[in-house]
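Order-wise, the sequence lines are chains A and B. Those letters in the first sequence? Residues 1 to 351, per our numbering, in order. Those letters in the second sequence? Residues 352 to 702, per our numbering, in order. Note that beta-carbon positions come from the ideal geometry of N, C-alpha and C, so glycine has one too.
There are 2 protein chains.
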Amino acid sequence: MNTMKAFQVTGFGGLDKLEYKTVELPSLEKDEVLVKIHATALNNSDIWMREGGYGTDRSSDAAAGWRREGIQFPRIPGSDIAGEIVKVGSEVEDKVLHKKVVLFPFQSSGKVGHEHMSEDIAYIGSEFDGGYAEYVIWKADLCYDAPLTNLSESAPIPVSGLTAWHMIKRANIQKGEMVLVNGATGGVGSFAVQIAANVFGAKVIALVRDQSLDKKMKELGAYKTVAYKSHQLVEDITKASDGQIDVVLDVVGDAMFSTSLAVLKKGGTFVTSGASSGVLTELDLRTLYLKHLNLLGSTLGTKEEFDDLLKAVQDGLVKPIIDKTFPLEKAKEAQSYFKESKQLGKVVLLP
Amino acid sequence: MNTMKAFQVTGFGGLDKLEYKTVELPSLEKDEVLVKIHATALNNSDIWMREGGYGTDRSSDAAAGWRREGIQFPRIPGSDIAGEIVKVGSEVEDKVLHKKVVLFPFQSSGKVGHEHMSEDIAYIGSEFDGGYAEYVIWKADLCYDAPLTNLSESAPIPVSGLTAWHMIKRANIQKGEMVLVNGATGGVGSFAVQIAANVFGAKVIALVRDQSLDKKMKELGAYKTVAYKSHQLVEDITKASDGQIDVVLDVVGDAMFSTSLAVLKKGGTFVTSGASSGVLTELDLRTLYLKHLNLLGSTLGTKEEFDDLLKAVQDGLVKPIIDKTFPLEKAKEAQSYFKESKQLGKVVLLP
Chain A
1 MNTMKAFQVT GFGGLDKLEY KTVELPSLEK DEVLVKIHAT ALNNSDIWMR EGGYGTDRSS
61 DAAAGWRREG IQFPRIPGSD IAGEIVKVGS EVEDKVLHKK VVLFPFQSSG KVGHEHMSED
121 IAYIGSEFDG GYAEYVIWKA DLCYDAPLTN LSESAPIPVS GLTAWHMIKR ANIQKGEMVL
181 VNGATGGVGS FAVQIAANVF GAKVIALVRD QSLDKKMKEL GAYKTVAYKS HQLVEDITKA
241 SDGQIDVVLD VVGDAMFSTS LAVLKKGGTF VTSGASSGVL TELDLRTLYL KHLNLLGSTL
301 GTKEEFDDLL KAVQDGLVKP IIDKTFPLEK AKEAQSYFKE SKQLGKVVLL P
Chain B
352 MNTMKAFQVT GFGGLDKLEY KTVELPSLEK DEVLVKIHAT ALNNSDIWMR EGGYGTDRSS
412 DAAAGWRREG IQFPRIPGSD IAGEIVKVGS EVEDKVLHKK VVLFPFQSSG KVGHEHMSED
472 IAYIGSEFDG GYAEYVIWKA DLCYDAPLTN LSESAPIPVS GLTAWHMIKR ANIQKGEMVL
532 VNGATGGVGS FAVQIAANVF GAKVIALVRD QSLDKKMKEL GAYKTVAYKS HQLVEDITKA
592 SDGQIDVVLD VVGDAMFSTS LAVLKKGGTF VTSGASSGVL TELDLRTLYL KHLNLLGSTL
652 GTKEEFDDLL KAVQDGLVKP IIDKTFPLEK AKEAQSYFKE SKQLGKVVLL P
């Protein structure tokens, strides 16, 4: 078993840069394990890594990975990974063999609680080969017991779940607060609705495509849903929330930015961890200062938060939502399907 | 003494809307005092109130006051006021007569520590008649002992000083942190440099027009100065700060926005309380979330902070800087001079 099937991104570009290949498995370092991948959930970061969609803070349209610099190609994408440990490095105890695990999605030198903000943060599927493959190598101590026996359901937890959890911690959401979740049907959004409502006790307004999703969103814990295709969206949200939004959790970006700031109460908090509709937006600085707003950026999260998240999933407070699965070899179709953004929950590859 | 000379703003518009008149003094309510004005410091808010420069969060170019709604004209502008109590309402003790005071600049129903974020906040010089006059009426319990015998120097404390203090509290600046102050020579900026450096122990990089201001800024407490007219401003700031800006304090707005975000370290904080160079700016949401930034809006401050500020002035840690004084009747010339933004410190009217 020295080779495997995998998709490699061979350079910044379109789907033609996502190439299905037979590649060699690298050897294990002493503190690493080999994980047979059962499921890899898709994220926008998979696609933006291929497209070089991150720009730099000096040039917004520069092709760059999420560290806002180049990527070492070829690179196997995929960051949200669940699987089984099938081989261990020389210093890893044998007892972890055959454990079902989810992979904490990055390495860094940062100390606990700040590891996600370290300058040297390196992300699986970007700085390391990731989950669009049959196998992946990862540090043993970054492999956590999968909280669900269904590994397809466990796969979205490391990136989508952790991202949502950290956004909520960033916003310091308190019990009873009114929280608007933009893009509530997406991967991060469907976690955010559940975590904010079921773990932190918030009243969640879920922003959805249309009211057909109302029942499902309420099952997840939402207090109310609002359809975003409205000519009076600010009024609709204000009415649903009785006028007071404490926190907006956003991964939508430009399309919802001015609406988000308009519905927030004075002193309210907007947290972003993504911008699928558009990365450049107009900010009225008067709105920021006259309303005493907090605009907070958030990416991934900490190991402590990951522990808390895994426990919440085990306890049944948070349930990863799967929209559709694809076999590994259909990764291109999966990315195309994902980009249409019509799904409720995650798209998952099954190697 | 039933009349006084005063400037009234008679509607949103140019300097022709600032009219010098003889107006009647209103009668005192039982909890109010009459203050003979010795000095009123100018602020951008005086000018924006006349110009209707605040827009609304739905229409950025709508003519509006700072509450983002209409102003009841005619209105006497001026918010940064120092003077002497010369008459008291029926329930105010006589012993306050002839006290030299500075006026806490707003009223609101908000509880202590949140009074500046109350929905019903009403600002002197906007919702109440203000300081472009010989006299002003204000609540007795919002008149604080002037910390300096020179009332011209005391005048800028309530708005400019409090604004700077609250920005620094918002940013939670810690000893030894590297703080960039944009517009360091302005009214808020020259307070911010001193408060951040001398009260909170920060290393302050003062952004100035040119290096001729270096000596003066270092006297105020700045660690280094950087001239903003540079083709490589990000590099200049990065070099001066050894690459790590923890906090940016800004009242400049659009012209410094992208530079501010570029020089901040991961997890850094940008605080704005004004936007003299431009209120609309482009925000790259990726920069916000990938750098885990905090963009915080700030307006005015709390009574507790005002107490702390007055003490810091008394203790000599913070000294209001006066650029130029004008007699009251030259208020139009004073506003024109102020708008040129060439000054170091405050412009003050002397009725």
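Looking at the structure shown, is residue i part of a helix, part of a strand, or coil, going by DSSP?
i	result
B:LEU695	coil
A:PRO77	coil
B:ILE472	coil
A:ALA354	Coverage of chain A is limited to positions 1 through 351, which leaves residue 354 of chain A absent and any answer about it impossible.
A:LEU290	helix
A:ILE173	coil
A:GLN107	strand
B:TYR688	helix
A:ILE168	helix
A:ILE205	strand
B:HIS389	strand
A:LEU349	strand
B:LYS670	coil
B:VAL374	strand
A:GLN211	helix
B:LEU660	helix
A:LYS99	coil
B:GLY404	strand
B:GLU383	strand
A:ALA155	coil
B:ILE359	It should be pointed out that residue 359 of chain B corresponds to Gln in this sequence rather than to Ile. The answer is strand: DSSP assigns B:GLN359 an E or B state.
B:GLY482	coil
B:ALA369	The question names Ala, yet the displayed sequence has Leu at residue 369 of chain B. Reduced to three states, the DSSP call for B:LEU369 is strand.
B:ALA682	helix
A:THR3	strand
Leaving out the 5 sequence neighbours to the left and right, which residues in its chain are closer than 8 Å to residue i when beta-carbon positions are compared?
i	result
A:SER357	Any property of residue 357 of chain A remains undetermined from this structure, which presents chain A solely from 1 to 351.
B:SER628	VAL603, GLY604, ASP605, ALA606, MET607
B:SER477	SER396, MET400, GLY416, TRP417, ARG418, ILE422, ARG426, PRO428, SER430
B:CYS494	VAL384, VAL386, ILE436, VAL447, LYS450, VAL452, VAL453, LEU454, PHE455
A:ASP323	GLN343, LEU344, GLY345, LYS346, VAL347
Can you name, in chain order, every residue of its own chain whose Cβ lies under 7 Å from the Cβ of residue i, other than the five neighbours on each side?
i	result
B:THR632	GLY604, ASP605, PHE608
A:LYS265	GLN244, ILE245, ASP246
B:ALA685	LEU393, PHE677, VAL698, LEU700
Just to make sure I have the definition right: I need the residues of chain A whose C-beta is within less than 7 Å of the C-beta of residue i. Which are they?
i	result
B:LEU612	ASP57
B:LYS617	MET117, GLU119
B:ARG419	LEU290
B:SER592	The premise fails here: B:SER592 is roughly 15 Å from chain A at the closest Cβ pair, so nothing lies under 7 Å.
B:SER411	ASP284
For residue i, which residues in chain B fall below 7 Å Cβ to Cβ?
i	result
A:GLY253	LEU636
A:VAL279	ASP635, LEU636, ARG637
A:HIS231	The premise fails here: A:HIS231 is roughly 13 Å from chain B at the closest Cβ pair, so nothing lies under 7 Å.
Ignore the nearest five residues each way along the sequence and tell me which others in residue i's own chain have a CB closer than 6 Å to its CB.
i	result
B:SER738	The first residue shown for chain B is 352 and the last is 702, placing residue 738 of chain B beyond what the model contains.
B:VAL550	ALA663, LEU668
A:ASP210	ALA227
B:LYS571	Checking the displayed sequence, the identity of residue 571 of chain B turns out to be Leu instead of Lys. Within the same chain, B:LEU571 has close Cβ partners VAL544, GLN545.
A:ALA202	ILE173, GLU177, VAL179, ALA196
A:ALA222	VAL193, VAL204, ALA206
B:ASN645	THR620
B:MET702	Before going further, note that residue 702 of chain B is Pro rather than Met in the sequence given. Hits under 6 Å: ILE388, GLU485, LEU679.
Residues of chain B with CB closer than 8 Å to the CB of residue i, please, in chain order.
i	result
A:TYR289	THR623, SER624, GLY625, ALA626, GLY648, SER649, THR650
A:ASN294	ASN645, LEU646, LEU647, GLY648
Quick one: which chain A residues come within Cβ less than 8 Å of residue i?
i	result
B:ASN353	None at all; the shortest Cβ gap to chain A is about 37 Å.
Sufficient close CB pairs (3 or more, under 8 Å) joining the region 373–389 of chain B to the region 318–330 of chain A: no
Ranges of the alpha helix (DSSP H) found wholly within the region 175–200 of chain A, counting only runs of at least 4: As far as the region 175–200 of chain A is concerned, its whole alpha helix (DSSP H) runs of at least 4 residues are 187–194.
Anything in the region 21–54 of chain A with a Cβ closer than 7 Å to a Cβ of chain C? List those residues in chain order, please. The displayed structure is made up of protein chains A and B, and chain C is not among them.
At least three beta-carbon pairs within less than 8 Å, the region 2–16 of chain A to the region 127–139 of chain A: yes
Does the region 183–199 of chain A come within contact of the region 99–118 of chain A, defined as at least 3 CB pairs closer than 8 Å? no
Go through the region 227–306 of chain A residue by residue and report every complete run of the alpha helix (DSSP H) that reaches 4 residues or more, in order. 233–240, 254–263, 285–290
Counting Cβ pairs, one atom from each stretch, are 3 or more of them under 8 Å apart for the region 98–108 of chain A and the region 153–160 of chain A? In short, these stretches touch, since the Cβ pair count reaches three.
At least 3 beta-carbon pairs within less than 8 Å: the region 637–655 of chain B vs the region 49–63 of chain A: yes
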